[in-house]
Amino acid sequence: YLKMQWQDDEIHWFSIVNSSVILFFLSGMVAMIMLRILRKDLYRYNQLEQSEEAREEAREETGWKLISGDVFRPPKFAALLAVFIGSGVQVLGMSTFTIIFAVLGFLSPSNRGSILLSMLLLFVLMGLPAGYVSAVFCKMFRGAGTDRLRNTLLTAVLFPGAVFLVFFLLNMVLWAVKSTGAIPFGTLVALLCFWFGFSLPLVFLGSYLGFRRPAWEPPVRTNPIPRQIPDQLWYMKSLPSILMGGVLPFGVVFVELFFILSSIWQHRFYYLFGFMALVLLILVVTCAEITIVMCYFQLCSEDYHWWWRSYLTSGASAIYLFLYAGYYLITRIHLAKATVASASIFFGYIVILSYGFFVLTGFAGFISCFLFIRIIYSSIKCD
Numbered sequence: 006y007l008k009m010q011w012q013d014d015e016i017h018w019f020s021i022v023n024s025s026v027i028l029f030f031l032s033g034m035v036a037m038i039m040l041r042i043l044r045k046d047l048y049r050y051n052q053l054e055q056s057e058e059a060r061e062e063a064r065e066e067t068g069w070k071l072i073s074g075d076v077f078r079p080p081k082f083a084a085l086l087a088v089f090i091g092s093g094v095q096v097l098g099m100s101t102f103t104i105i106f107a108v109l110g111f112l113s114p115s116n117r118g119s120i121l122l123s124m125l126l127l128f129v130l131m132g133l134p135a136g137y138v139s140a141v142f143c144k145m146f147r148g149a150g151t152d153r154l155r156n157t158l159l160t161a162v163l164f165p166g167a168v169f170l171v172f173f174l175l176n177m178v179l180w181a182v183k184s185t186g187a188i189p190f191g192t193l194v195a196l197l198c199f200w201f202g203f204s205l206p207l208v209f210l211g212s213y214l215g216f217r218r219p220a221w222e223p224p225v226r227t228n229p230i231p232r233q234i235p236d237q238l239w240y241m242k243s244l245p246s247i248l249m250g251g252v253l254p255f256g257v258v259f260v261e262l263f264f265i266l267s268s269i270w271q272h273r274f275y276y277l278f279g280f281m282a283l284v285l286l287i288l289v290v291t292c293a294e295i296t297i298v299m300c301y302f303q304l305c306s307e308d309y310h311w312w313w314r315s316y317l318t319s320g321a322s323a324i325y326l327f328l329y330a331g332y333y334l335i336t337r338i339h340l341a342k343a344t345v346a347s348a349s350i351f352f353g354y355i356v357i358l359s360y361g362f363f364v365l366t367g368f369a370g371f372i373s374c375f376l377f378i379r380i381i382y383s384s385i386k387c388d
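Mapped onto our numbering, the consecutive letters of the sequence shown carry residue numbers 6 to 388.
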């Protein structure tokens with residue numbers, strides 16, 4: 006079982022090449038934006054020798070500078086966004102360290118229990134940076150309906166609570182059909198105790214440290230009155246833009262996703278953790294670059310509602326992951342032979358996987374877009 010087949014090795018290399026082509030394409034677009042368009046804009050915008058008419062013309066040529074007084078305006082549901090940012094830190098950290106330990110040989114693919122236990126322990130430990138990052142953004146959104154205690158509780162409960170709820174419902178389905186694969190009730194209670202006894206205190210500790218640090222100040226002043234957003238082209242509106250942005254991150258991982266689903270549902274071993282580490286790296290960079298590109302086009306069209314859209318643009322790849330899993334069920338597991346219980350178990354676990362993929366990719370896209378916007382707006386001179 007653990008012997009590598011030449012065909013699988015070849016397919017993985019084709020997957021890496023495919024992902025690298027997507028990555029180089031996006032890197033070229035980001036380099037063009039940063040090195041040609043932005044540098045030219047910033048040079049013309051910051052020229053003190055220009056006449057007022059020339060400076061006004063430079064402002065009018067590029068729309069992203071026109072919204073400097075609104076781009077850091079806190080979004081709607083700012084507290085919920087801070088919670089999702091913290092959850093993204095937690096899931097990304099857990100995934101990264103789990104893959105690193107597997108690559109180094111500390112985790113055996115033949116012992117799936119060790120991988121699951123490691124993921125659980127790492128998820129609990131990553132509650133500390135999750136609480137910290139969520140608190141930092143919550144403090145930055147001060148005055149936007151944020152509350153410290155509610156933010157900390159939601160960071161500690163929203164993602165793991167939803168996962169546990171789905172897991173508990175699936176376990177009830179297994180109890181109903183008297184399956185031997187059902188988790189004993191005592192184990193579920195132990196998981197709850199582990200969650201409230203270790204994960205919750207770590208999130209509160211991280212939140213305490215995050216709220217103690219000084220708040221991040223935006224590089225430009227926010228205007229008291231919001232600027233009116235002009236009418237957008239159909240493909241620059243929220244839904245089409247988000248759906249287009251989620252295609253490329255999914256295209257990076259769909260080959261590896263096939264092998265992961267096969268290892269879960271067709272009793273095959275997944276042992277190529279080196280490929281998985283490389284794909285994770287390419288995925289994070291792709292999410293960062295596609296979000297920066299889409300956000301730049303959005304700002305140029307004078308739409309400053311970028312906070313949620315930057316998270317959802319790369320996070321939308323989870324929609325395609327869920328749809329591909331349905332295709333996998335029909336073509337590989339044969340839906341006609343599946344019982345109601347087995348189909349429920351399949352889609353229940355896919356919901357958990359898609360939810361985790363959503364917060365991971367969403368955070369990767371958001372944080373890169375946030376840093377990109379801080380950099381470009383700290384480089385201009387505003388009156």
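For glycine and all other residues, C-beta sits at the position ideal for the given N, C-alpha and C.
May I have the straight-line CA-CA distance separating residue i from residue j, to the nearest angstrom?
i      : j      : result
Arg78  : Phe280 : 41 Å
Glu65  : Ser322 : With a pLDDT of only 49 at Glu65, under 50, the local geometry of the prediction cannot be trusted, and no value is derived from it.
Val178 : Gly166 : 19 Å
Ile385 : Leu253 : 31 Å
Ala348 : Pro189 : 21 Å
Val257 : Phe82  : 31 Å
Lys242 : Thr101 : 33 Å
Cys292 : Ser123 : 26 Å
Phe259 : Leu197 : 33 Å
Phe326 : Leu154 : Note that residue 326 corresponds to Leu in the displayed sequence, not to Phe. Rounded to the nearest angstrom, the two C-alpha atoms are 34 Å apart.
Ser92  : Ile372 : 13 Å
Ile381 : Ile357 : 36 Å
Tyr332 : Phe352 : 12 Å
Asn176 : Pro80  : 38 Å
Ser306 : Trp313 : 17 Å
Phe375 : Phe169 : 31 Å
Ala84  : Arg379 : 20 Å
Asn23  : Phe106 : 26 Å
Met249 : Gln237 : 16 Å
Leu125 : Phe172 : 14 Å
Phe377 : Arg147 : 22 Å
Ser383 : Ile72  : 13 Å
Leu133 : Trp311 : 27 Å
Ser25  : Ile230 : 44 Å
Ala187 : Leu174 : 11 Å
Glu261 : Ile90  : 25 Å
Val290 : Met299 : 14 Å
Leu285 : Gly98  : 12 Å
Leu159 : Phe199 : 17 Å
Pro224 : Glu294 : 22 Å
Pro235 : Leu266 : 45 Å
Glu222 : Gly191 : 48 Å
Thr404 : Phe201 : The question about residue 404 has no answer here: the residues shown for the chain are numbered 6 through 388.
Leu328 : Trp239 : 24 Å
Assuming contact is defined by CB atoms lying nearer than 7 Å, are residue i and residue j in contact in what I supplied?
i      : j      : result
Ile104 : Phe278 : yes
Thr318 : Ile247 : yes
Lys390 : Ala220 : Summary: the structure shown does not reach residue 390, with the chain confined to residues 6 through 388, and so no result is reported for it.
Gly361 : Val96  : yes
Leu127 : Ser119 : no
Tyr309 : Asp75  : yes
Leu28  : Ile287 : yes
Ala346 : Val94  : no
Gly320 : Phe263 : no
Gly251 : Ser315 : no
At a cut-off of 6 Å, is residue i close to the ligand GTP when judged by its beta-carbon and the heavy atoms of the ligand?
i     : result
Phe77 : As presented, the structure is devoid of all ligands, the ligand GTP included, so that no description of it is given.
Mind reading off the beta-carbon distance from residue i to residue j? Whole number of angstroms is fine, and I expect it under 8 Å.
i      : j      : result
Gly211 : Ala87  : At roughly 13 Å, the Cβ-Cβ gap does not stay under 8 Å, so Gly211 and Ala87 are not in contact.
Thr157 : Phe203 : Actually they do not touch by this definition, with Cβ atoms about 15 Å apart.
Leu365 : Ile21  : About 20 Å separates the two Cβ atoms, so there is no contact after all.
Val141 : Arg217 : The pair is not a contact, with the Cβ atoms about 10 Å apart (cut-off 8 Å).
Leu130 : Leu207 : 7 Å
Val138 : Gly215 : 7 Å
Ile350 : Ala330 : No, Ile350 and Ala330 are not in contact; Cβ-Cβ is about 12 Å, not under 8 Å.
Tyr335 : Trp270 : Reading the sequence as shown, one finds Ile at residue 335 and not Tyr. The Cβ separation is near 13 Å, so there is no contact.
Trp69  : Leu304 : 4 Å
Exercise for the section: Tell me the start and end of each unbroken alpha helix (DSSP H) in the stretch 81 to 116 that is at least 4 residues and wholly inside, in chain order. Expected result: For the stretch 81 to 116, whole alpha helix (DSSP H) runs of length 4 or above, ordered along the chain, are 83 to 108.
Exercise for the section: For the stretch 286 to 371, list the alpha helix (DSSP H) runs that are entirely contained and at least 4 residues long, ordered along the chain. Expected result: For the stretch 286 to 371, whole alpha helix (DSSP H) runs of length 4 or above, ordered along the chain, are 312 to 320, 322 to 333.
Problem - alpha helix (DSSP H) runs wholly inside the stretch 191 to 253, at least 4 long, in chain order - result: Correct list: 205 to 217, 243 to 250.
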